[in-house]
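*Asks:*
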Amino acid sequence: MVYEFKFADPGEGVHEGEILQWHVAVGDIVQNEQLLVDVMTEKVTVELTSPVDGEILSLEFQEGDIIKVGNILVKIDIMQKDPTRSKVPTTSDKEEEKDDSLFTAASPFKQISTTKLVSVSKMKKPLAAPSIRRQAREQEIDLREIPATGPAGRITRENFNSYVDKNSSGIPSSKTKSLHVSKEDQRIPLRGLRRNISKAMRKSKDTAAHYTYFEEVDITALEAIRQEAKPLGEKYGVKLSYIPLVIKCLIPALRKFPFFNSSLDDEQREIILKGSINIGIAVSTDDGLVVPVIKNADQKSFWEISQEIVELAEKARQGVLTLEEVTGGTFTVTSIGNIGGFAATPIIKWPEVAILGLMRSKLRPVVIEQNGSPEIAIRRVMMLSLTIDHRVIDGAVGAMFTNELTRYMENPALLLLNEEF
């Protein structure tokens, strides 16, 4: 009996996906729940497993192909007897279950266990993100030889790079074999996450009327809080950035100006004011930008937000975010402060209507008023770049929203008066 395995909607109205990597080949014997293929949708990468025992008769698509919901991906000859007709490939064994639960705080922190090295060679199939698997295949690296420190024995990008660096030292580069290197154009297929980013950015620019407003903010007081909180954060394994502090300052501003926490329904010609405040955090990964979402940020403490950012960012870099963790955002924050730059013009994550960019903070001489008299002082200053959809929000309102945000960032003690911290 032949079973036709079809691509089903993984949720959130997904209509298509891209074949990232096959883990089986024609003639392989597979078991129930064995990993078959990695598929990337517009929102998340999903691992599809076999629902039956049997032999792979055909793979209907190749890596890089775009598939639609309902398409037959693979045909499997269902076995009635003990499936021993051929060897089961170790590269297609089912991965261990991943803990995709979000942080639920009964106390300010979740206990973070000590990192342990896991012997990947003892696993049937190494746990690693598709990008790492692809790079390992291209470089002919056996992932089972790499010590893993990620959750459930997953190989992290740091594990992989460390292994490559250690094993490539002293080996002469193939580029040194010839002094005459041909310089030719190279065509790189627009695939995977980069393809999704391309579509999303083009959709946003074609749809929203982008308008960016800049404001310089004195964050000296905010920096003092961050420095005071650092030792406690380090104790619990939470590296503190400005982002959780800015999110706490954003909450009262979003409440006062609810149109910044909305979306525009073009078909119904309605502005949808969101009931929840779900803050997306842009995370840079080896494959591109990913935006996990902190749900109900207005109901969480500073420490809860801080730890959730750390956890979601790590899962984003490992490529193990769930659909729930990347959907439902109502406002996005992006930061390039750790890289540099004076200002930028962030692109809105459609269908949201606003995005806030955080630039690098610097110590600068500024004029302040002290006891009614102007004087020069050294202050820590950051540039904010707020991009709005001008179809929904006017420029003047964008300036007023930024002024409200600035008020809290420059005077974070106001958060205590509003019970926001």
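Quick note: the sequence shown, position 324, residue 323 per numbering that gives the first Met the number 0, numbers continuous. Using N, Cα and C, we set each Cβ at its ideal position, and we do this for glycine too. In this text, all values refer to a predicted model and were calculated from it rather than measured experimentally.
For residue 333, I'd like the list of residues in its chain whose CB is within less than 6 Å of its CB, leaving aside the five on either flank, ordered along the chain.
*Replies:* For residue 333, where only same-chain residues beyond five positions count, the Cβ hits under 6 Å are 281, 345, 356.
*Asks:* Please work out which residues of its chain come closer than 7 Å, Cβ to Cβ, to residue 384, disregarding the five sequence neighbours upstream and downstream, and give them in chain order.
*Replies:* Same-chain partners within the cutoff: 211, 213, 342, 343, 344, 345, 356, 358.
*Asks:* Entirely within the segment 252-300 and at least 3 residues each: give me those beta strand (DSSP E) ranges in chain order.
*Replies:* You should have 261-264, 269-272, 278-280.
*Asks:* Among residues of its own chain, excluding the 5 on either side of residue 67, which ones have a beta-carbon nearer than 8 Å to its beta-carbon?
*Replies:* So the qualifying residues of the chain are 6, 14, 15.
*Asks:* Could you have a look at residue 104 and say whether DSSP puts it in helix, strand or coil?
*Replies:* With a pLDDT of 36 at residue 104, under the threshold of 50, the modelled position of this residue cannot be trusted; read the value that follows with caution. Coil at residue 104, not helix or strand.
*Asks:* Can you tell which of 277, 360, 193 has its C-alpha closest to the C-alpha of residue 324?
*Replies:* The shortest C-alpha separation from residue 324 is found at 277.
*Asks:* Can you give me the C-alpha to C-alpha distance between residue 40 and residue 200, rounded to a whole angstrom?
*Replies:* Cα to Cα, residue 40 sits roughly 15 Å from residue 200.
*Asks:* From what residue to what residue does the alpha helix (DSSP H) around residue 221 run?
*Replies:* 219-234 is the span of the alpha helix (DSSP H), which, as asked, contains residue 221.
*Asks:* Could you check what DSSP says for residue 401 in three-state terms: helix, strand or coil?
*Replies:* Helix at residue 401.
*Asks:* Note down the Cα distance separating residue 240 from residue 225, rounded to an integer number of angstroms.
*Replies:* In a straight line, the C-alpha of residue 240 is about 8 Å away from that of residue 225.
*Asks:* Please report how far the alpha carbon of residue 98 lies from the alpha carbon of residue 149, in whole angstroms.
*Replies:* Because residue 98 sits at a pLDDT of 40, beneath the cut-off of 50, its placement in the model cannot be relied upon, and the point is left open.
*Asks:* Three or more C-beta pairs under 8 Å: does that hold for the segment 374-392 against the segment 301-308?
*Replies:* Segments in contact, no.
*Asks:* Are the segment 236-253 and the segment 402-410 touching by the rule of at least three beta carbon pairs closer than 8 Å?
*Replies:* At 8 Å Cβ cutoff, the stretches touch.
*Asks:* Compare the beta carbon distance of residue 193 and residue 287 with 7 Å and say whether it is the shorter of the two.
*Replies:* The answer is yes: Cβ separation under 7 Å.
*Asks:* Using the C-alpha atoms, what's the distance from residue 398 back to residue 374?
*Replies:* The straight-line gap from Cα to Cα measures roughly 27 Å.
*Asks:* Where does residue 310 sit, in a helix, a strand or coil, going by DSSP?
*Replies:* Helix at residue 310.
*Asks:* Closer than 6 Å by C-beta to residue 327: which residues in its own chain qualify, once you throw out the five before and the five after it? Chain order, please.
*Replies:* 277, 292, listed in sequence order.
*Asks:* Assuming residue 164 is part of the beta strand (DSSP E), what are its boundary residues?
*Replies:* Note, residue 164: premise wrong, no beta strand (DSSP E); alpha helix (DSSP H) at 156-167.
*Asks:* Distance, Cα to Cα, residue 331 vs residue 354?
*Replies:* Going by the C-alpha atoms only, they are around 5 Å apart.
*Asks:* Kindly list the residues whose CB is nearer than 8 Å to the CB of residue 50, restricted to its own chain and excluding five residues on each side of it in sequence; keep chain order.
*Replies:* So the list reads 2, 4, 31, 32, once near-sequence residues are dropped.
*Asks:* Taking residue 245 as the reference, which of 352, 34, 336, 22 has the closest Cα?
*Replies:* Per the Cα distances, 336.
*Asks:* Where does residue 401 land, buried or exposed, given buried means 16+ other C-beta within 10 angstroms?
*Replies:* That one is buried.
*Asks:* Suppose you measure from the CA of residue 289 to the CA of residue 315; what does that come to, to the nearest Å?
*Replies:* Distance between the alpha carbons of residue 289 and residue 315: 7 Å.
*Asks:* Going by CA-CA distance only, name the one from 347, 182, 28 that's closest to residue 390.
*Replies:* Closest option to residue 390, Cα to Cα, is 347.
*Asks:* Roughly how far, in whole angstroms, is the beta-carbon of residue 55 from the beta-carbon of residue 25, given that I think they are within contact range, below 8 Å?
*Replies:* Going by Cβ atoms, the distance from residue 55 to residue 25 rounds to 5 Å, so yes, they are a contact pair.
*Asks:* Distance check for residue 134 and residue 271, CA to CA, integer angstroms please.
*Replies:* Going by the C-alpha atoms only, they are around 43 Å apart.
*Asks:* CB residue 34 to CB residue 44, shorter than 7 Å?
*Replies:* No. Outside cutoff.
*Asks:* Let's test the definition: count the other Cβ atoms within 10 Å of the Cβ of residue 166 and tell me whether it reaches 16, buried, or not, exposed.
*Replies:* Counting Cβ neighbours within 10 Å, residue 166 comes out exposed, since fewer than 16 surround it.
*Asks:* Quick check on residue 172: buried or exposed, where buried means 16 or more other Cβ atoms within 10 Å of its Cβ?
*Replies:* Its pLDDT being 46, under 50, residue 172 is placed unreliably in this model, and the coordinates cannot settle the point.
*Asks:* Classify residue 232 as buried or exposed, calling it buried when 16 or more other Cβ atoms lie within 10 Å of its own Cβ.
*Replies:* Under this definition residue 232 is a buried residue.
*Asks:* How many angstroms separate the CA atom of residue 186 from the CA atom of residue 299?
*Replies:* Between residue 186 and residue 299, the C-alpha separation is close to 46 Å.
*Asks:* Could you name the residues of the same chain whose beta carbon sits closer than 8 Å to that of residue 202, not counting the 5 residues immediately before and after it, in chain order?
*Replies:* 349.
*Asks:* Taking the alpha carbon of residue 208 as the point to measure from, which residue in 317, 352, 144 has its own alpha carbon closest?
*Replies:* The option with the nearest alpha carbon to residue 208 is 352.
*Asks:* How would you write the range of the alpha helix (DSSP H) that residue 0 sits in, first residue to last?
*Replies:* Taken as a continuous stretch (DSSP letters only), residue 0 belongs to no alpha helix (DSSP H), as it is neither H nor E.
*Asks:* Tell me which residue opens and which closes the alpha helix (DSSP H) that residue 193 is part of.
*Replies:* 191-206 is the extent of the alpha helix (DSSP H) around residue 193.
*Asks:* Bridge partners for residue 52 per DSSP, in chain order?
*Replies:* DSSP output for residue 52 lists no bridge partner at all.
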